[in-house]
Structures are given as C-alpha cells and as structure tokens.
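Participant:
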Amino acid sequence: MTFEKISLIGLGYIGLPTAAVFASCKKKVIGIDIDAQTVEAVNRGQIHIMEPDLDIVVHAAVTEGWLRASTVPEPADAFLIAVPTPFKDDHQPDLSYIEAATRAIAPVLKSGNLVILESTSPVGATEAMADWLAIARPDLTFPQTHGGASDIRVAHCPERVLPGHVLRELVQNDRVIGGMTPQCSQAAVALYRTFVEGDCIVTDARTAEMCKLTENSFRDINIAFANELSIICERLGIDVWELIRLANRHPRVNILQPGPGVGGHCIAVDPWFIVASTPKEAQLVRTARQVNDAKPSWVVNKVLHTIGDFLLANPDKNARSITVACLGLTFKANIDDLGESPALSIAETLVRTFEGTTLLVEPNISELPPRLADQRKADFDFAIDNADILVLLVAHDSFKDIRRKVRPGQTLFLAAAIS
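Under numbering that gives the first Met the number 0, the first residue of the sequence shown carries the number 0, and numbering increases by one thereafter.
#1: Using 8 Å for Cβ pairs, my map puts A68 next to V41. What's the rounded Cβ distance?
#2: What are the start and end residues of the alpha helix (DSSP H) that includes A267?
#3: Opposite F86 in the DSSP bridges: which residues?
#4: Taking the alpha helix (DSSP H) that H155 belongs to, which residues open and close that run?
#5: Kindly list the residues whose CB is nearer than 6 Å to the CB of A342, restricted to its own chain and excluding five residues on each side of it in sequence; keep chain order.
#6: Starting from V28, follow its DSSP beta bridges and name the residues at the other end.
#7: How about the segment 250-259 and the segment 219-229: do they share at least three Cβ pairs that are nearer than 8 Å?
#8: With a cut-off of 8 Å, do at least 3 Cβ pairs link the segment 232-242 to the segment 149-158?
#9: When the Cα atoms are used, what is the spatial distance from P85 to F272?
#10: When the Cα atoms are used, what is the spatial distance from E196 to N172?
#11: Rounded to the nearest angstrom, what separates E3 and L79 at their Cα positions?
#12: For V82, which residues from the same chain have a beta carbon less than 7 Å from its beta carbon, with the 5 sequence-adjacent residues on both sides left out?
#13: Ignore the nearest five residues each way along the sequence and tell me which others in N215's own chain have a CB closer than 7 Å to its CB.
#14: Counting along the chain, where does the beta strand (DSSP E) carrying R244 start and finish?
#15: S6 and P72 - do their beta-carbons sit closer together than 8 Å?
#16: Would you mind working out which of L411, W131, A18 sits nearest D308, comparing C-alpha positions?
#17: Of the choices A133, D76, H145, V122, whose alpha-carbon is the least far from that of N112?
#18: Please state whether DSSP places R174 in a helix, a strand or coil.
#19: Does the distance from the C-beta atom of I345 to that of P295 stay below 8 Å?
#20: Which value, in whole angstroms, describes the spacing of the CA atoms of L212 and N313?
#21: DSSP three-state label for A342, please.
#22: Just how far apart, CA to CA, sit D378 and Y191?
#23: Going by the CB atoms, is the gap between M209 and V122 shorter than 8 Å?
#24: Measuring straight from C-alpha to C-alpha, what distance separates V298 and L349?
#25: Kindly indicate the opening and closing residues of the beta strand (DSSP E) around T458.
#26: Let's test the definition: count the other Cβ atoms within 10 Å of the Cβ of V114 and tell me whether it reaches 16, buried, or not, exposed.
#27: Using a Cβ-Cβ cut-off of 6 Å (strictly less than) and excluding sequence neighbours within five positions of V175, which residues of its own chain qualify?
#28: Please look up how many angstroms separate the CB atoms of I383 and K404, rounded, as I've assumed it's under 8 Å.
#29: Across which residues does DSSP place F78 in a beta bridge pair?
#30: Taking all protein chains shown into account, do 16 or more other C-beta atoms lie within 10 angstroms of the C-beta of D396, making it buried, or fewer, making it exposed?
#31: I need the DSSP call for F141, collapsed to helix, strand or coil.
#32: State buried or exposed for V20, treating a residue as buried only when at least 16 other CB atoms are found within 10 Å of its CB.
#33: Quick check on the DSSP output: what are the complete alpha helix (DSSP H) runs of length 4 or more inside the segment 175-258, in order along the chain?
#34: Taking C-beta to C-beta, are R363 and G163 nearer than 8 Å?
#35: Between which residues of its own chain and G338 is the CB-CB distance below 8 Å, once the five residues before and five after are set aside?
#36: Determine the DSSP secondary structure at A394, reduced to helix, strand or coil.
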C-alpha cells in the first residue's frame, strides 16, 4: 500500500510539522488551511509558528517541490485532519472545525483513500466524521456500513508531541492508531511508517480517542495536585517549592511543580471531553479541571495582596505610582503559543484592575494580542530596571537569572517554578 500524495487539513502546530516531515521523506504533500496568510507564508517557504528547525524543513520542502499549500482541498491518496477541537461555553465539545474539514474534503475523495483524524477528539468523533463523509458521498462506501470492504479507510491517530520538540517527537514517539476496521488500521500504519521510528500500536478508534484524553487528564490531575498544594502551603506558611523538593526525594514520589494554571490546546481542554461524555463518573477529572481553572484567580489575588504589602512597606508610594511587571504570557515555557494561557489571563486581569502601570514581558512573541494592543510590550531588562514588583508567570529560560537580578526594595512573586 503506497501513498504518494498526502493532504494535511489544518496547518497549525501539528499539521504544518507533520506535512513538513512527510515532505522531507519525498512525498508530495498539499497543506490545506482556511487562512490565506498561512497558505501564502508556507508557499514562500516560511512558517507562521515558533518551532525549532521547522523553518529549515519547510523551506527545503517547498524549494524542492515536495510541499505546497492551498485554501482549497484537492485529490490525494491520504487525508489527515489536524484542526482545533475546542469546547463551548458549557464545556461541551465543539466539533464544528472537524465537521467543516470533513465536508471540505468529501468532494475530492476517491475509492482507496485513507482519512485519518489527528485532532484530539471526544470518544465517537471518528465515527461522526465517517458518517459526515458517507452523507456527503453516497457513491462511496465507508467502514461503518461495509466493514473491511469499504472504499474509504478511516482511522484516528492522535498526536502526542511536546512544543519545542515537535520534529523529533513526531519521528521518535510511539503512535496509537485506531482504525474503524483492521484494514483501516493497516492502511494507517503503512502511512505513518513513512517517517515514524517508534512503535505503531493498533487499537480501535474509540480506544485511540480515549487514550489521548486519558494521557492529558493524567497530567491535568497531577498538575492540579501541585497547584492545590501551593494554595495549602500558602495558607500554612510553608514554602511549596522546598516542600516539593523534599517530598520528591522519596523514591516513589514525583510531584510536579505548581504554576499559574493550565493552558494550551490540550490539557486545559481535553479532560472536559471525558466529563462531557460521562458527567456522573468523571468526578476526579472534573475536580482537577476546576482546581486548575481557579488557579489564575488565586494568583491575581496574591499579586494584589503583594501590591498591598508593598504599599505598607513604602508609605511614600500610592497604587498609581507602582509598576508591576508580568513576566511571560504564553501557556508554557519557551514557546510562542498564547492558546488558553493562564498567564495571559492573569496579565489581562491586572491590566483591567490595577491602577498603576503593568508591564507585559514576553520574549517569544513579536507583538501583543489584539485585546492588549493598547498596552506596552516591554523587554526583560526594562522590567528589571523599572518595576517595583516582578511577577514570574512563565519560567522562560531567558528569565532564569531573575533571582540574581532582583534589586533591593524590589519584590519578586513566583507563580511558576524557576531553576
């Protein structure tokens, strides 16, 4: 089974690197995205996201003619859908992006094609995708009605890569592949074997979907434990960082570091898919989400109390004369992604509620998001020289010397761990 032309639907943090890796293996790749600026950038051999070495791989693939982008789907041998799967205001899964991508590729499908959903999805999303395709293309057969004899193969294969290491992990990590039939799984394994050096482990589509949700919920629950510990320790007057360091000397204990909350497109979202499917059973998953979702408000209150303490220690100052620097806005260290970022939420709240000056320091982005466009983006050294209170929200490597740089009379509040 060979796949000479591959289409990636969605050229974001997963779709573009995946397209580039396939193209680097001398496969013809067409990337599809609804954003014309993204398409134009890729066709110039440029990237619109921050990921080490991705610019080199994309430029080479485009220059050599293996990769190009378009806003309109076209025929291919395999289609991989990697579009967002957010949730709605009531924490119900929003499958509208997957449905739109599915309906977009339906007209160009032909017998023998493979369609893989890579988007992290609630259980049953792959089957829903197959149903949408079947409705749009009654002239073709699909696994849900024709089993292994279907014209179109359908599978789910969730991504499981770490931002900042995507190119390496795409190749080296194991992949969980859930086909709607054994024949679907076989086809998907053959496709991923183009570049995957890790194991390709076969299961069914529902288990593959639940596997990714389980991985991220596991992490969310462990982060929630660390975040709740930080709140408990503050109430009891204990240094949480020292406590965790000591507790982790136990050979079977590995507590994570607390932070300002949980952000990103996966951990802050995916556990809600489990809760939405099984609201009565998913009690621990729900509680962990609530703990982590509440942490940014706790941090804001702690910063406001820190400002109050600073004013008591400096009676010659008032709130309007104080400068607070928020260090880091992205959802995790050393990336440029602001998606679901608790640090960004905290900074926005301080800008709205604090009477003084709020400096926003984020070295990994060129400009602030539109809703903060009227604020000044400062650099780290300026913040060190001018802020009365430094609030470390994201432990970027560029902030690692912050303890040494703090001036006498300056207050440092750590909402994230720094080595």
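Idealized CB from N, CA, C, for every residue including glycine.
Computed from a predicted structure; not experimentally measured.
Facilitator: Judging by the given coordinates:
#1: As a working mapping, residue 68 is identified with position 69 in the sequence shown. As a working mapping, residue 41 is identified with position 42 in the sequence shown. Indeed they touch by this definition, with Cβ atoms about 4 Å apart.
#2: For this step, residue 267 is matched to residue 268 along the sequence shown. Counting along the chain, A267 sits inside no alpha helix (DSSP H), nor does DSSP assign it H or E at all.
#3: Sequence index remark: in the sequence shown, residue 86 carries index 87 (1-based). In the DSSP output, where bridge partners are listed per residue, F86 has P92.
#4: Locating residue 155 in the sequence shown gives position 156, counting from the first residue. Per DSSP, H155 belongs to no alpha helix (DSSP H); it is in the beta strand (DSSP E), 152-155.
#5: For this step, residue 342 is matched to residue 343 along the sequence shown. Within its own chain, the residues whose Cβ lies closer than 6 Å to the Cβ of A342, once the five positions on either side in sequence are excluded, are P259, G327, L328, L392, V393, listed in chain order.
#6: Reading the sequence shown from its first residue, position 29 is the one you call residue 28. Its beta-bridge partners are I5, L66.
#7: Yes: the two stretches touch, three or more of their Cβ pairs being nearer than 8 Å.
#8: Of all C-beta pairs linking the segment 232-242 to the segment 149-158, fewer than three are shorter than 8 Å, placing the two stretches out of contact.
#9: Counting from 1 along the sequence shown, the entry for residue 85 is found at position 86. Counting from 1 along the sequence shown, the entry for residue 272 is found at position 273. Straight through space, the alpha carbons of F272 and P85 are spaced by roughly 10 Å.
#10: The residue given as residue 196 occupies position 197 in the sequence shown. The residue given as residue 172 occupies position 173 in the sequence shown. Approximately 7 Å between the Cα atoms of the pair.
#11: For the purposes of this step, residue 3 is taken as the residue at position 4 of the sequence shown. For the purposes of this step, residue 79 is taken as the residue at position 80 of the sequence shown. E3 and L79: Cα-Cα distance of roughly 14 Å.
#12: Within the sequence shown, residue 82 is the residue found at index 83, counting from 1. Counting only Cβ-Cβ distances below 7 Å, and skipping sequence neighbours, we find I8, G9, Y96, I97, A100, S118.
#13: Start at 1 with the first residue of the sequence shown, and residue 215 comes out as number 216. Short of 7 Å from the beta carbon of N215, and not among the five residues preceding or following it, lie these beta carbons of its own chain, in chain order: C265, I266, D269, P270.
#14: Position 245 of the sequence shown, counted from the start, is the residue given in the question as residue 244. Element bounds for R244: not the beta strand (DSSP E) but the alpha helix (DSSP H), 239-246.
#15: Sequence index remark: in the sequence shown, residue 72 carries index 73 (1-based). Sequence index remark: in the sequence shown, residue 6 carries index 7 (1-based). Going by C-beta atoms, P72 is nearer than 8 Å to S6.
#16: By one-based count along the sequence shown, residue 308 stands at place 309. Nearest of L411, W131, A18 to D308, Cα basis: L411.
#17: Taking the sequence shown and counting its residues from 1, the one referred to as residue 112 is at position 113. Answer by Cα proximity: D76.
#18: Residue numbering aside, residue 174 sits at position 175 when the sequence shown is read from its first letter. Reduced to three states, the DSSP call for R174 is strand.
#19: Counting from 1 along the sequence shown, the entry for residue 345 is found at position 346. Counting from 1 along the sequence shown, the entry for residue 295 is found at position 296. Remark: C-beta atoms of I345 and P295 approach each other more closely than 8 Å.
#20: As a first step, residue 212 must be located in the sequence shown, where it is residue number 213. As a first step, residue 313 must be located in the sequence shown, where it is residue number 314. So the alpha carbons of these two residues sit roughly 49 Å apart.
#21: The residue given as residue 342 occupies position 343 in the sequence shown. Secondary structure of A342 (DSSP, three-state): helix.
#22: By 1-based counting over the sequence shown, the position of residue 378 is 379. By 1-based counting over the sequence shown, the position of residue 191 is 192. Approximately 42 Å between the Cα atoms of the pair.
#23: What you label residue 122 is simply residue 123 of the sequence shown in a count that begins at 1. What you label residue 209 is simply residue 210 of the sequence shown in a count that begins at 1. Yes, Cβ-Cβ distance for V122 and M209 is below 8 Å.
#24: For this step, residue 298 is matched to residue 299 along the sequence shown. For this step, residue 349 is matched to residue 350 along the sequence shown. For V298 and L349, the gap between their C-alpha atoms comes out near 10 Å.
#25: One cannot answer for residue 458 here, as it falls past the ends of the chain, which runs 0 to 418.
#26: Walking along the sequence shown from the start, residue 114 turns up at place 115. By the neighbour-count definition (other C-beta atoms within 10 Å, threshold 16), V114 is a buried residue.
#27: As a first step, residue 175 must be located in the sequence shown, where it is residue number 176. These residues qualify, in order along the chain: I200, A207, C210.
#28: For the purposes of this step, residue 383 is identified with residue 384 of the sequence shown, where counting begins at 1. For the purposes of this step, residue 404 is identified with residue 405 of the sequence shown, where counting begins at 1. Right, the Cβ-Cβ distance comes to about 5 Å (below 8 Å), so this counts as a contact.
#29: If you number the sequence shown from 1, residue 78 lands on position 79. Note: F78 sits in a beta bridge opposite S6, V114.
#30: Counting from 1 along the sequence shown, the entry for residue 396 is found at position 397. Result: exposed.
#31: Translated into the one-based positions of the sequence shown, residue 141 becomes position 142. In this structure, DSSP gives F141 a state outside helix and strand, which the three-state scheme calls coil.
#32: Here the question's residue 20 lines up with position 21 in the sequence shown. Counting other Cβ atoms within 10 Å of its Cβ, V20 reaches 16 or more and is therefore classed as buried.
#33: Every alpha helix (DSSP H) stretch that sits fully inside the segment 175-258 and reaches 4 residues is listed by chain position as 181-191, 204-235, 239-246.
#34: Mapped onto the sequence shown, residue 363 falls at position 364. Mapped onto the sequence shown, residue 163 falls at position 164. First, the residue type needs correcting, since residue 363 is Asn and not Arg in the sequence shown. The answer is no: Cβ separation not under 8 Å.
#35: Counted from its first residue, the sequence shown places residue 338 at position 339. So the list reads G262, G263, H264, F330, once near-sequence residues are dropped.
#36: Taking the sequence shown and counting its residues from 1, one reaches residue 394 at position 395. A394 falls in the coil class under three-state DSSP.
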